[in-house]
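So the sequence shown is numbered by our numbering: it starts at 8 and just counts up by one. Report on the following structure.
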Amino acid sequence: MANEAVRLVVNNDGISASVSTQQLAQSLNFGGGGGTFDGMEARVTALEVLAKQTNEKLDKIIDKMSKVEVDVARLDGKVTSLPSAEAFGHLRGRVDSLPTIPKIAAVFGIIGVLISIASNWDKLYSLIHTAPLVPG
């Protein structure tokens with residue numbers, strides 16, 4: 008029966024063609040399978056199993072993507088509550104106007120000089136009033 012010819016009749020202008028079962032088997036011979044009618048059931052079953060596994064994986068991906076979507080929405084809410092660039096620029100200007108370490112050191116130095124002048128005022132006063140105005 009493997010070499011029997013199968014006759015296909017095409018009703019277009021009365022043309023007919025015949026194809027052997029061997030030619031049909033060769034037309035199915037691709038994709039690494041046996042290419043025979045007997046192997047088609049196993050190949051279709053394998054494809055159905057693969058399609059089921061693919062659907063399960065897609066369902067898992069969809070579940071994970073929905074969780075990601077919730078996370079993105081939560082982050083979007085947090086981002087909208089952050090200060091704008093204008094507000095941040097105003098804050099940066101205020102931070103820049105704060106005193107730096109050299110400024111603070113200068114203030115403490117001036118305070119130290121004023122304290123030493125105040126604590127030694129009587130000595131300084133006596134030096135100023137007893138000293139001659141013009142050397143000579």
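For glycine and all other residues, C-beta sits at the position ideal for the given N, C-alpha and C.
Check: Proximity below 8 Å, CB of Leu-131 to CB of Ile-124; Outcome: yes
Check: Ile-68 to Glu-48 span [Cα, whole Å]; Outcome: 30 Å
Check: Pro-106 in three-state terms, based on DSSP; Outcome: coil
Check: Range of the contiguous alpha helix (DSSP H) that encloses Leu-134; Outcome: 128–137
Check: Reduced DSSP secondary structure (H/G/I, E/B, other) of Ser-123; Outcome: helix
Check: As assigned by DSSP and simplified to three states, the class of Leu-98; Outcome: helix
Check: Ser-73 to Lys-64 span [Cα, whole Å]; Outcome: 14 Å
Check: Residues near Ala-112 in its chain [Cβ-Cβ closer than 7 Å; skip 5 each side]; Outcome: none
Check: Backbone secondary structure at Ser-73 - three-state DSSP; Outcome: helix
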